[in-house]
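Read the structure below first, then the notes.
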Amino acid sequence: MQPSGERLLERLSELPSLPAIYHQARDALERPDGSLDAVASVLETDTALSARILRVANSALYGLIAKVDSLPRALTMIGTEEVHRIILATSVVSVFRDIPLGAVSMRSFWEHSIATGVASRAIARRLGQTGAERFYLAGLLHDIGRLPLYLLEPETMGQALQAHREHRADLQTLETQMLGTTHTEVGAALLTQWQIPAVYCEAAGRHHDLGEDDYRLETSATHVADIIANSLRIGTSGTRAVPVLSETHWRRTGLEVDDLRPVVELTLRTTQDVVSAFLEL
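See below:
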């Protein structure tokens, strides 16, 4: 029997929640009288998360001139908004990091996600956008909806992947046909369930949309970045097929063809260092 898309969305509650330390750190950041020292004190109770945050802060993603070796120093150098994004990113990675997928390598999944995030951030910087790490996080989370599909419906997703590879059928179309939903719908629902800001929910839910609409710039940058990551064959979330470029998303970014070369070069130069920062023990 074909799984019900509605039932599958209801089953998202079976998945792990974001770790309590994420909520504790977010609350500390949002308190009017909060300080970075207070946030650091919260984070230091989780040594693995603290180490990962330090590695990310010292990675090519931020390009700090001098290496930082303490959380308070890292938080001071990066700032509160970026701290929140790093904590969110590392928390999401930690939720799924050690869960066996079977159909797809978890490391390969995150390599693709990180490459998309790096490319999206490079696009933002090319366009002179402030808060470029916001674009990185949108790219990082864009395919998060595939993980619940692999975990909750492994047999059906295995069949979908086989059909995709043998017949070159579009994987998202197969998701709809075989599961009654798509990874984009599931991703947006999961991030909404986790109370993640709407900008990231839209990027996860609409980065494959091809129609005319008033997309957030982060969504359109993620759409283009996903194409770049697939073209470079850096990791995979299940398919390396290069998505169709949406003229709407392309126009929304304001990119010119000549902008692509430096974006691709920065993506190639930066991705593996960021992968190591997020995934190595």
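For the sequence shown, position 90 matches number 90 in full-length UniProt numbering, and the numbering has no gaps at all.
Even glycine gets a Cβ: it sits at the ideal position worked out from N, Cα and C.
Here the structure is a predicted model, which means the values were calculated and not measured.
Over the uninterrupted alpha helix (DSSP H) stretch that includes Gln193, give me the two end residues. As a first step, residue 193 is located in the sequence shown; it is residue number 193 there, counting from the start. Going by DSSP, Gln193 is part of the alpha helix (DSSP H) stretching over His183 to Gln193.
Integer-rounded CB distance, given that Leu127 should sit under 8 Å from Gly254: Here residue 254 is taken as the residue at index 254 of the sequence shown, counted from 1. Here residue 127 is taken as the residue at index 127 of the sequence shown, counted from 1. Indeed they touch by this definition, with Cβ atoms about 6 Å apart.
When you compare each of Ser41, Tyr200, Val56 and Asn230 to Leu217 by their alpha carbons, which one comes out closest? By 1-based counting over the sequence shown, the position of residue 217 is 217. Comparing Cα-Cα distances from Leu217 to each of Ser41, Tyr200, Val56 and Asn230, the minimum goes to Tyr200.
Can you grab the Cα-Cα spacing for the pair Asp143 / Glu82, in whole Å? Here residue 143 refers to the residue found at position 143 of the sequence shown. Here residue 82 refers to the residue found at position 82 of the sequence shown. Pairing Asp143 with Glu82, the inter-Cα distance amounts to about 21 Å.
Give me the Cα-Cα distance between Ile114 and Val274, rounded to the nearest whole angstrom. If you number the sequence shown from 1, residue 114 lands on position 114. If you number the sequence shown from 1, residue 274 lands on position 274. Here the C-alpha atom of Ile114 lies approximately 7 Å from the C-alpha atom of Val274.
Buried or exposed for Leu168, please, with buried defined as at least 16 other CB atoms from any protein chain shown within 10 angstroms of its CB. Taking the sequence shown and counting its residues from 1, the one referred to as residue 168 is at position 168. Note on identity: in this sequence residue 168 is Arg, with Leu being the wrong assignment. If you draw a 10 Å sphere on the C-beta of Arg168, you find fewer than 16 other C-beta atoms in it, and that means exposed.
Could you check what DSSP says for Pro16 in three-state terms: helix, strand or coil? For the purposes of this step, residue 16 is identified with residue 16 of the sequence shown, where counting begins at 1. Three-state result, Pro16: coil.
Would you mind sorting Ser17 into buried or exposed? The rule is 16 or more other CB atoms within 10 Å of its CB. In the sequence shown, residue 17 corresponds to position 17, counting from 1. Exposed, by the Cβ-count rule.
How many Å lie between Val42 and Leu190 at the Cα? If you number the sequence shown from 1, residue 42 lands on position 42. If you number the sequence shown from 1, residue 190 lands on position 190. If you take the alpha carbons of Val42 and Leu190, they lie about 25 Å apart.
Runs of 4 residues minimum, wholly inside the stretch 8-77: which ones carry the alpha helix (DSSP H) assignment? Listed in chain order, they are 20-30, 36-43 and 47-57.
Cβ neighbours of Ala203 in the same chain (closer than 6 Å, five flanking residues each side left out): Taking the sequence shown and counting its residues from 1, the one referred to as residue 203 is at position 203. Around Ala203, the same chain offers Ala138, His142, Glu218, Thr219 and Thr222 as residues with beta carbons nearer than 6 Å, after the five sequence neighbours per side are excluded.
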